[in-house]
Structure formats: C-alpha cells, structure tokens
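In the numbering used here, the protein residues as written are 6 to 123.
Beta carbons are placed, not taken as given, at the ideal position from N, Cα and C, and that holds for glycine.
Quick caveat, the model's predicted, so the values are computed rather than measured.
Right under this line is the structure:
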C-alpha cells in the first residue's frame with residue numbers, strides 16, 4: 006500500500022477540502038492505521054502527517070480526528086515521533102488533551118543510552 010499517495014491526498018483534503026472531505030480523508034488513514042495495514046516505517050510516515058495536522062490545523066474537528074487516529078492505531082509510536090504533542094498539551098483542552106496523554110503513555114521510549122532496540 007502506498008502511504009505517500011494516501012498522505013498526499015489527505016494533505017490536499019486538509020488544505021483545501023470541505024469539512025466532509027477532510028473528515029473522510031483523515032478517517033481513511035485512521036481505518037488503515039487501526040487495521041495495521043502499513044509496515045511500521047510507512048505507518049510512522051502517516052503518523053508524522055497526523056501529528057502535523059494535530060498541531061497545525063485551524064479546525065478542531067481535524068485536530069481531534071488526527072489525534073483519534075494516532076491513539077487508536079494498531080502501532081506503537083516512537084516517543085520522539087509524538088513528543089511534539091507533549092509540548093502542545095497545555096494549549097489544548099478537553100478531548101484533545103485526553104487523546105494526547107493516551108498517545109504519549111503508549112509511546113515507545115528508547116532507553117537512556119540511546120540504543121535503538123525495541
């Protein structure tokens with residue numbers, strides 16, 4: 006499955022699409038992540054896009070959908086990938102903050118020595 010095409014389509018929908026188009030594009034990515042349809046590397050590229058949406062979208066619905074997709078995914082995210090969300094927790098409120106806390110709690114941390122063993 007080519008995650009780049011899916012992310013490009015979702016990026017276009019988020020940038021220029023209607024509310025329904027944005028919801029459908031983000032929802033499609035969410036469904037694929039929940040079903041573990043990607044390799045870990047591909048899933049992490051999709052997750053990086055979703056982190057970007059969660060941090061930059063001007064639409065609360067888009068931010069929440071991106072966080073929901075990250076939290077419900079069938080993958081363990083590297084902490085460094087989702088760490089930018091931790092810095093955004095104070096300005097976020099309600100459901101967004103709950104999603105971020107769950108995502109961060111489930112993230113994989115590298116050991117203090119910096120070795121990349123999972």
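Neighbourhood of residue i by C-beta, 6 Å cutoff - its chain only, sequence neighbours within 5 removed
i, result
"residue 80", "48"
"residue 88", "none"
Nonlocal neighbours in the same chain, by C-beta distance under 8 Å from residue i, ignoring five residues either side
i, result
"residue 11", "33, 34, 37 and 51"
"residue 29", "18"
Nearest-angstrom Cβ-Cβ length linking residue i and residue j, presumed shorter than 8 Å
i, j, result
"residue 59", "residue 17", "Actually they do not touch by this definition, with Cβ atoms about 18 Å apart."
Contacting residues, own chain, Cβ-Cβ under 7 Å from residue i (five flanking each side not counted)
i, result
"residue 74", "31, 34, 35, 38 and 55"
"residue 67", "19, 27, 31 and 58"
Span of the alpha helix (DSSP H) around residue i
i, result
"residue 84", "84–93"
"residue 27", "24–39"
"residue 7", "Premise fails: residue 7 is in no alpha helix (DSSP H) and is neither H nor E."
With 16 other Cβ atoms within 10 Å as the buried cut-off, status of residue i
i, result
"residue 126", "No answer is possible for residue 126: the residues shown for the chain start at 6 and end at 123."
"residue 113", "exposed"
"residue 110", "exposed"
"residue 70", "buried"
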